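Q: Protein chains in written order, with the numbering used here: chain A, 1 to 102; chain B, 103 to 832; chain C, 833 to 1344. We treat Cβ as the ideally placed atom computed from N, Cα and C, and that holds for glycine. Predicted model, so just to flag it, every value in this text is computed and none were measured. Structure below; questions to follow.
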Amino acid sequence: MIPLSWYLVLAAALFCIGLYGVLGRRNAVAILMGIELMLNAVNINLVAFWRYLTPALIAGQAFAIIVFAVAASEAAVGLALIISIYRQRSTVIAEEIDLMKW
Amino acid sequence: MTTDLLIWLIPLPPLLAFGAILLGGYRSNRLSTWLAVGAMVISWALGLFVFAQAVQTDHLGANPFTSSIPWLPLGTSVIEIGVLIDPLSAITLFFVVWTCLAIFVYSIGYHNSGKPRDAEDVPGLPPHAGGIEPLYARFFAFISLFAFGMLTLVVSDNLLLLFIGWEIMGLCSYLLIGFWFGRESARKAMVKAFITTRVGDVFMLLGIVALYTATGTLNFQEILRSPETLNRLAETPAILGLSLAGLIGLLLFAGTVGKSAQWPLHVWLPDAMEGPTPVSAMIHAATMVSAGIYLILRFFPLLTVGWQPGGPLTTTMAVIAVIGAFTALFASTIAVAQNDIKRVLAYSTISQLGYMVAAVGIGAFVAAAFHLVTHAFFKALLFLGSGSVIHGMEHGQAASSKSAAQAMPGQEGPAGAHEAHDHVDAQDMWNMGGLRRRMPWTFYTFLIGGLALAGFPIVTAGFWSKDEILSSAFGQGQPVVFVVLAAAALLTAFYTARQIGLTFLGKPRSAAAEHAHESGRVMLLPLVLLSLFSIAAGWAGIHHEFPLIGGAIPNFVEEFVGQALTEHPEALPFAFPPLLTSLVVSLGGLGLGFLVYRNLPRGATDPLARWLGPVHVLLRRKYYFDELYDFLFVRPAYWFAETFVYAWVDRKVIDGLLHGVGRASLRLGGWLRRAIDLPVVNGFGDLVGETTKAAGRTFRVIQSGRVQAYLAAGLLFVGLLLSFLLLVKP
Amino acid sequence: MPFLDAHLLTWILFTPALGAVVILLLPADRPRLLRWAAFGVSLVPLALSLYLWSAYQPGLPGYQFVERHDWYVNISSSYHVGVDGISVPLVLLTTLLTPLALLISWSIGERVRAYMALFLFLETGMLGVFLSLDLLLFFVFWEIGLVPMYFLINQWGSANRSYASFKFLIFTMAGSLGLLLAIQLIGLAVGSFDMVEITAIWPTFREPFVLAGLPIHLSVETVKAIAFWAFVIAFAIKVPVWPFHTWLPDAHTEAPTAGSMILAGVLLKLGAYGFLRLVLPLYPEQAQLYAGALAALAVLAIVLGAFGSWGQSDFKRLVAYSSVNHMGFVILGVAAAAKAYGTLSAGEAVTAVDGAVLQMFNHGLSAAGMFLLVGVIYDRTHTRDLSAFRGLFPLAPVYGGILLFTAMASLGLPGLNGFISEYMVVQGTWPVFTAYTAVAMIGLLITGAYIMKAVGSVLHGPLNEAWAHHKLEINRREVLAIAPLMVLMLSIGVWPIWILRVIEPTVLRLFG
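Next up, the structure:
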């Protein structure tokens, strides 16, 4: 059986890729995608821990499903906002969206 | 009892007439005439009835007609006002009602009643010629009020009511002197008359107040017929060595000085000639000036308390005698140099009043009262006569200018007509002359009046009364007063002759005089009436020891008027020196005057001016008293009022102080704001705000709004925290 | 009318204020309605005070028509009103002058509603001073009267009105300050603000002062003297006594005609009333001590007021200064009464105070009349410069006659009202302050001079052709407004007993 650490390493790698996307990219869509990656890395962790440590309980799976739901609604709202901003200002570059900056 | 009631009614008809004319009667001149004259006739009838009653009453002095009602509550006591008819008020009443009636009737003619109104005439100016006076009704209203004032004064039984009548007359004289108020000179004269007499009045008010304080009453009978009261007043010392009686007496006498135009308050009376002539007669004969003499006669017991007949005069009496005698001489010298027919009479009035005052001053009560009566008649006559002359002159002027105007078209008129066209002063005696032919009635009545004034012996009233004063001065041992009065009498006779000579004798000296014509019957009737009195009034007071005719007619004045005093004054024995003196001065003065002024031609100058030179100028300018008073009192008073009190004290000092306080407060406030409010209070508040702002400005850079930067910072801190927890802590 | 009798004074006092509120509810753009409404309202207190006059019984001692309710219970101040022989004539004067002043205000064209309402409020303020028997209430009304007057001058006055109204307000407030402190001092010391109680206790009050636990280290005499002067200065400013008089010519001159009438007619009386109602009864000893100083100031007011008046070239200012002169006689009478109080010459004190009260009433009539007449001529000529008139008698004979009549009343011509009161004051003062009285006669003389100057400049002399084609005659409404005053002037002058009958018994009880 594949040991738990492998899953954890995979999840950590995936999270770092997502973190890089969030911090390093200027495109708002890409940032959003980075967030999705980070959420999914967490999901991998959740499912892996459930399977290896508490297979009798349903909590691990439930958490993962909640995260799916949150990720999905986040993507929907986030993309809608980005589209709306794009229509207003013709850009999706995060730095240029500075309407409320001092 | 009924007589007492009637006395109350004597003054009322003129008052009612005044009210009725003012409240509607003025719309009709005829109605106004009837109201005023009718009211005066009622008063006249009542007055004569009361006089007749008084004469028939035995011992009227001790048992006068009186009646009074409470009027003014003063704390614990009440001042009563009422009426009193004693011998003094009875004879005063007698001449007042007669002269007033004569003047009322005369005024109808004088103001051209019944004539149409001249379109050129304006209210407030004398009518040009022949037209009815524009303010005809108002004249009768005022003169009615005047009569009311005088009658009230005469019948009053106390000083307060007397003062009320006194002041009402003051108002009326003001209004009537300024009756032709459209003339600037009239405006000045009316104010001058009012203010000058008011100087005396305020002293008199003090006298009233002092008298009430000292005695607790103002009733004549209670004060003057009570020897205890008089003696107590005489024994109480007041100020300046005067007794209280002396002080009160002098204060009251100051009222007389103002009202009867004695020196030094004589200046108003000549200017009072600005009024219509009936007013001059009213003021100078019937009412105003007589009121002043009436006052000192009334207070004779108070003025002379402590004096024994024949003994030395008290201070008060001496003051009165000196002022009276001085005024008599002083005014007669001025009269000699006057050219205005009315002004001569005005100064002669002052002079004659001086006689009466001097008579009171030397204790000659009966003589003063006698002269008051005779003077009222002959002076009223003279004024009305002069009014008739002026009236005739004005008509003559109008007629001559009319004839000149008719002569004008076509060719140049003669020089005389041209001259007549010029407006000549209708009151200047140098424009008259020869009027005896044109105005015979006026001439003969005026002559009677003039002779009475001059004291023409035996036939005129003035002789008897003036002689009485002279003989009193002689008999009481007052040689100085005697000589001064005799000199004044000489001058009086002289200027009277001058006046008659210039006015009536010789040839006319102007076109107006040539065309003058006699006044109407309604004006002549009063003249005739008054000339009868000017002769007959003297017969009532012939000394019983007078040579030849003495005792033939009972000495009514002596007996009747003397009763007014508690002790009937003893008649002085008859003496020849004063009689001779009065004969000499009267006849001498008249003769001299006629000699000089009998027949002066047109354009002549006054011979007296040649003989006297600068002295004549001094006399003509009335010793420069007007200028002197103007310099001494009027201008300083104006300066005091306008500059000192208003501009300096009120505006500069008091308001300056206030504005100073205001400015100082403003400055203090400004300083407080600048020194405390702004730096401390405001500064602290500002500091808090500014600091917060600066802090915000400083730290706002980290608030970049970039989520990625925040996340990176968060990552960094999480990293640091983890490193700390994992590496340092264990 | 038991209900009316029980609350008569309250009705008199508050009907004007109620009327003012009603007026404020009326439409602002109907000046005719507003004028008549205000005039109608002001007739109600007049009718009530006429009833008060007839129902007042001079023979009874003490205050009548008394009404008392709790007000500030915590500091023992109550709503306490009542009248005696001194206040009844003044109440009548106030309620009489207000309708007449409103009647003469027809020429006010702008903001009529506010004007009328303020005037009625003013009436309540003035009446309150005369009616209240509680010191605090007295002070409240004293101050209330100030506000409407300030606005009347400030809003409806002539050119220099803002200076004048400011001066008026500041001057009076400066006096009120000391008055308020002194009232509080008395109130705390006695433990009540009720005048009846205070009058009984305060004059003999000898305990050391303890205020809020802090003992004041001053003798009772000193404290009383200070309080006395606080009262005196407050009232002296209002009267006004020389040298506190300079607000008066400015305020009177700048105020609208009706305002001047009320100022001279009633507001000045508040000060003199204060002297009689408070200063003399509360401080008999101090008053006696300082009577000489007061008399000297009064004489200065009489003499310098007369000279000041004579020195004017502005008709209205001349009349204004005459108030200083006339009110000087009131204070002279008060000073004489203060000096004579409790001595052998108390009879003189009664005469002097009788004269002073009557002089207050008389001055109310004649000064109001004079201001009315100045207003009438000003309405037509728009000038007050005496040298600009000259010779107007033929153009306005009725006006001239009325002016002469009123001027003579003001001058003190015997037969009219002014003489009676001036004579009484002089008669009462002469035995007490002989020299002062003698000096005051200079003022009387100059009174003649300035009246002659005014009358002579307006009516007499050659006609100033500039006015020849103007219509200057007084109209019927104005005659109606001054006629009651003239009737009163004449009736007091001819038969003074009818009014002295009311004044005298009270004065006799207070000072006899």
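1) How long is the line joining the alpha carbons of HIS523 of chain B and MET534 of chain B, rounded to whole angstroms?
2) Rounded to whole angstroms, what is the Cα-Cα separation between THR605 of chain B and GLY536 of chain B?
3) Using a Cβ-Cβ distance cut-off of 7 Å, determine whether GLY807 of chain B contacts chain A.
4) Considering Cα atoms alone, identify which of C:LEU882, C:ASP861, C:TRP843 is closest to ILE1331 of chain C.
5) Exposed or buried, PRO1263 of chain C, counting other C-beta atoms within 10 Å across all chains shown (16 or more means buried)?
6) Keeping to the same chain, check which residues put their C-beta closer than 6 Å to that of PRO113 of chain B; ignore five residues upstream and five downstream.
7) So what does GLY184 of chain B bridge to, in DSSP terms?
8) Kindly list the residues whose CB is nearer than 6 Å to the CB of ALA11 of chain A, restricted to its own chain and excluding five residues on each side of it in sequence; keep chain order.
9) By how many angstroms is the C-alpha of LEU367 of chain B removed from the C-alpha of SER215 of chain B?
10) Given that GLU95 of chain A touches chain B, what residues does it touch there, using C-beta distances under 8 Å?
11) How about ILE183 of chain B: is its C-beta nearer than 7 Å to some C-beta of chain C?
12) Any beta-carbon of chain B closer than 7 Å to the one on ALA1021 of chain C?
13) Grouping DSSP H, G and I as helix and E and B as strand, with all else coil, what is VAL1334 of chain C?
14) With burial defined as no fewer than 16 other Cβ atoms inside 10 Å of the residue's Cβ, what is the status of GLN513 of chain B: buried or exposed?
15) Measuring CB atoms only, is the stretch 327-342 of chain B touching the stretch 1268-1284 of chain C, in the sense that at least three cross pairs come out at less than 8 Å?
16) Determine the closest residue to LEU1357 of chain C out of C:ALA887, C:GLY914, C:VAL944, C:GLN987, with distance taken between C-alpha atoms.
17) Once DSSP output is grouped into helix, strand and coil, what is the label at PRO339 of chain B?
18) What three-state label does DSSP hand PHE897 of chain C in the structure shown?
19) Mind listing the chain C neighbours of LEU273 of chain B? Cutoff is C-beta to C-beta under 7 Å, in chain order.
20) Taking 7 Å as the cut-off, decide whether the C-beta atoms of ILE144 of chain B and ALA239 of chain B are in contact.
21) Thinking C-alpha only, which one of A:SER84, A:LEU39, A:MET1, A:ALA28 is nearest ALA72 of chain A?
22) Compare the C-beta of ALA814 of chain B with all C-beta atoms of chain A and state if any pair is closer than 7 Å.
23) Report buried or exposed for ILE66 of chain A, applying the criterion of at least 16 other Cβ atoms within 10 angstroms of its Cβ.
24) For a cutoff of 7 Å on Cβ pairs, would you count TYR748 of chain B as touching chain C?
25) For ALA589 of chain B versus LEU431 of chain B, is the C-beta distance shorter than 7 Å?
26) In this structure, what does DSSP give as the bridge partners for TYR904 of chain C?
27) Which of helix, strand or coil does DSSP assign to PRO1246 of chain C?
28) Roughly how many angstroms lie between the CA atoms of LEU111 of chain B and GLU570 of chain B, to the nearest whole one?
29) Take the Cβ of LEU761 of chain B as the centre, count every other Cβ of all protein chains shown within 10 Å, and call the residue buried at 16 or more, exposed below.
30) Who are the neighbours of THR315 of chain B on chain C, taking C-beta pairs under 7 Å?
31) Can you pull the chain B residues whose beta carbon is under 8 Å from the beta carbon of ASP916 of chain C, in chain order?
32) Quick one: what's ASN321 of chain B bridged to in DSSP?
33) Between GLY1247 of chain C and GLU1254 of chain C, is the Cβ-Cβ spacing less than 7 Å?
34) Here's the rule: buried if 16 or more other CB atoms are within 10 angstroms of the residue's CB, otherwise exposed. What is ASP861 of chain C?
35) Roughly how many whole angstroms lie between the Cα atoms of PHE402 of chain B and LEU455 of chain B?
36) Which residue's Cα is closest to the Cα of PHE1368 of chain C: C:LEU856, C:ASN1296, C:PRO877, C:THR927?
A: Short version:
1) As a first step, residue 523 of chain B is located in the second sequence; it is residue number 421 there, counting from the start. As a first step, residue 534 of chain B is located in the second sequence; it is residue number 432 there, counting from the start. Legend: pLDDT at HIS523 of chain B = 46, less than 50; position of this residue unreliable, value from coordinates given subsequently. HIS523 of chain B and MET534 of chain B: Cα-Cα distance of roughly 16 Å.
2) Translated into positions along the second sequence, residue 605 of chain B becomes position 503. Translated into positions along the second sequence, residue 536 of chain B becomes position 434. About 7 Å.
3) As a position in the second sequence, residue 807 of chain B is number 705, starting the count at 1. Interface residue, yes.
4) Position 499 of the third sequence holds residue 1331 of chain C. For ILE1331 of chain C, the closest alpha carbon among the candidates C:LEU882, C:ASP861, C:TRP843 is that of C:LEU882.
5) Translated into the one-based positions of the third sequence, residue 1263 of chain C becomes position 431. Burial call: buried.
6) Walking along the second sequence from the start, residue 113 of chain B turns up at place 11. PHE250, LEU253, THR254, listed in sequence order.
7) To locate residue 184 of chain B, count along the second sequence from 1; it is residue 82. Per DSSP, B:SER170.
8) One-based indexing of the first sequence puts residue 11 of chain A at position 11. Take ALA11 of chain A, set aside five residues on each side of it, and the residues of its chain with a beta-carbon closer than 6 Å to its own are ALA41, ILE44, ASN45, in chain order.
9) To locate residue 215 of chain B, count along the second sequence from 1; it is residue 113. To locate residue 367 of chain B, count along the second sequence from 1; it is residue 265. Roughly 36 Å between the two C-alpha positions.
10) Position 95 of the first sequence, counted from the first residue, corresponds to residue 95 of chain A. Per Cβ cutoff of 8 Å: ARG808.
11) Numbered from its first residue, the second sequence carries residue 183 of chain B at position 81. Not flagged as an interface residue toward chain C: ILE183 of chain B, since no C-beta distance is shorter than 7 Å.
12) The count along the third sequence starts at 1 and reaches residue 1021 of chain C at position 189. It does not: the Cβ of ALA1021 of chain C has no partner Cβ on chain B nearer than 7 Å.
13) Counting from one through the third sequence, the residue named residue 1334 of chain C turns up at place 502. VAL1334 of chain C falls in the helix class under three-state DSSP.
14) For the purposes of this step, residue 513 of chain B is taken as the residue at position 411 of the second sequence. Since pLDDT at GLN513 of chain B reaches only 44, below the 50 mark, its modelled position is unreliable, and no value is offered.
15) no
16) This structure does not reach residue 1357 of chain C, given that chain C is present from 833 up to 1344, and the question cannot be answered.
17) Here residue 339 of chain B refers to the residue found at position 237 of the second sequence. In the structure shown, PRO339 of chain B sits in a strand (DSSP, three-state: E or B).
18) In the third sequence, the residue the question calls residue 897 of chain C occupies position 65. Three-state DSSP puts PHE897 of chain C in a strand.
19) Along the second sequence, one-based indexing puts residue 273 of chain B at 171. The answer, in chain order, is MET1240, LEU1245.
20) One-based indexing of the second sequence puts residue 144 of chain B at position 42. One-based indexing of the second sequence puts residue 239 of chain B at position 137. Contact flag unset, no.
21) Here residue 72 of chain A refers to the residue found at position 72 when the first sequence is read from its first residue. Cα-wise, what sits closest to ALA72 of chain A is A:LEU39.
22) Translated into positions along the second sequence, residue 814 of chain B becomes position 712. Cβ-Cβ to chain A under 7 Å: yes for ALA814 of chain B.
23) For the purposes of this step, residue 66 of chain A is identified with residue 66 of the first sequence, where counting begins at 1. With fewer than 16 other Cβ atoms within 10 Å, it is exposed.
24) Walking along the second sequence from the start, residue 748 of chain B turns up at place 646. Interface residue, yes.
25) Here the question's residue 589 of chain B lines up with position 487 in the second sequence. Here the question's residue 431 of chain B lines up with position 329 in the second sequence. Against a cut-off of 7 Å, the Cβ pair of LEU431 of chain B and ALA589 of chain B comes out as a contact.
26) Locating residue 904 of chain C in the third sequence gives position 72, where the first residue counts as 1. According to DSSP, which records beta bridges pairwise, TYR904 of chain C is partnered with C:SER909.
27) What you label residue 1246 of chain C is simply residue 414 of the third sequence in a count that begins at 1. Residue state, collapsed to three classes: strand.
28) Along the second sequence, read from residue 1 onward, the residue named residue 111 of chain B stands at position 9. Along the second sequence, read from residue 1 onward, the residue named residue 570 of chain B stands at position 468. Spanning the two alpha carbons is a distance of roughly 35 Å.
29) Translated into positions along the second sequence, residue 761 of chain B becomes position 659. Rather than Leu, the amino acid found at residue 761 of chain B in this sequence is His. With fewer than 16 Cβ atoms within 10 Å of its Cβ, HIS761 of chain B is classed as exposed.
30) One-based indexing of the second sequence puts residue 315 of chain B at position 213. Simply TRP1262, PRO1263.
31) The sequence position of residue 916 of chain C within the third sequence is 84, counting from 1. Annotation: ASP916 of chain C has no Cβ neighbours in chain B at a cutoff of 8 Å; minimum Cβ distance is about 17 Å.
32) Within the second sequence, the letter at position 219 stands for residue 321 of chain B. DSSP lists B:ASN260 as partners of ASN321 of chain B.
33) Along the third sequence, read from residue 1 onward, the residue named residue 1247 of chain C stands at position 415. Along the third sequence, read from residue 1 onward, the residue named residue 1254 of chain C stands at position 422. Cβ distance not < 7 Å, so GLY1247 of chain C and GLU1254 of chain C don't count as in contact.
34) What you label residue 861 of chain C is simply residue 29 of the third sequence in a count that begins at 1. Classification for ASP861 of chain C: exposed.
35) The sequence position of residue 402 of chain B within the second sequence is 300, counting from 1. The sequence position of residue 455 of chain B within the second sequence is 353, counting from 1. So the two alpha carbons sit approximately 16 Å from each other.
36) Any answer about residue 1368 of chain C is impossible in this case: the structure gives chain C only from 833 up to 1344.
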